[in-house]
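Residue numbers (this note's numbering): 30 to 180.
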């Protein structure tokens with residue numbers, strides 16, 4: 030009986046390899062806009078929320094506050110977002126899109142939408158829905174492991 034090559038079936042390594050390929054494609058196609066997919070995703074989520082705190086954006090994107098802060102700083106330097114003190118909590122800052130940020134998102138959105146449609150069409154909507162649900166299930170399972178470790 031042949032031994033299993035665990036380097037080839039590692040859940041984490043396989044997810045990372047596949048996501049790198051997908052990220053590289055999105056980054057390549059978004060290149061004319063000057064955005065990377067991570068920046069596009071942040072701008073899109075900020076637009077969807079209209080005004081969002083750094084901690085809330087981190088929860089939405091499942092990123093730590095340091096990563097969010099670093100990326101928001103870059104988007105602010107490019108003039109795409111602005112930070113304002115939260116009216117209810119002066120310790121918290123809300124992130125909103127500037128007019129330039131809205132324009133950049135509008136420029137990038139058709140590229141993103143075209144690639145989304147193409148990938149989903151190529152996979153098939155049912156398979157994509159199953160894949161999405163599998164990823165959500167995996168996220169819940171991993172979170173439950175994390176919750177066990179914290180008890």
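Glycine included, each C-beta is placed from N, C-alpha and C at the ideal position.
Cβ separation of residue i and residue j, assumed to be a contact under 8 Å, to the nearest whole Å
{"i": "residue 72", "j": "residue 108", "result": "Not really, about 12 Å apart at Cβ, beyond 8 Å."}
{"i": "residue 126", "j": "residue 110", "result": "6 Å"}
Exposure of residue i, with buried meaning 16 or more beta-carbon neighbours within 10 Å
{"i": "residue 46", "result": "exposed"}
{"i": "residue 104", "result": "buried"}
{"i": "residue 100", "result": "buried"}
{"i": "residue 68", "result": "buried"}
{"i": "residue 171", "result": "exposed"}
For residue j and residue i, the rounded distance between their alpha carbons
{"i": "residue 140", "j": "residue 58", "result": "7 Å"}
{"i": "residue 152", "j": "residue 178", "result": "36 Å"}
{"i": "residue 112", "j": "residue 66", "result": "21 Å"}
{"i": "residue 145", "j": "residue 53", "result": "14 Å"}
{"i": "residue 61", "j": "residue 143", "result": "15 Å"}
{"i": "residue 150", "j": "residue 157", "result": "9 Å"}
{"i": "residue 44", "j": "residue 102", "result": "28 Å"}
So, do the stretch 94 to 103 and the stretch 34 to 47 have three or more beta carbon pairs nearer to each other than 8 Å?
By the criterion of at least three beta-carbon pairs nearer than 8 Å, the stretch 94 to 103 is not in contact with the stretch 34 to 47.
Can you list the beta strand (DSSP E) stretches of 3 or more residues lying completely in the stretch 66 to 124, in chain order?
Listed in chain order, they are 110 to 114.
Check whether the stretch 121 to 136 and the stretch 77 to 91 are in contact - that is, three or more C-beta pairs closer than 8 Å.
Because the criterion of three Cβ pairs below 8 Å is met, the stretch 121 to 136 and the stretch 77 to 91 touch.
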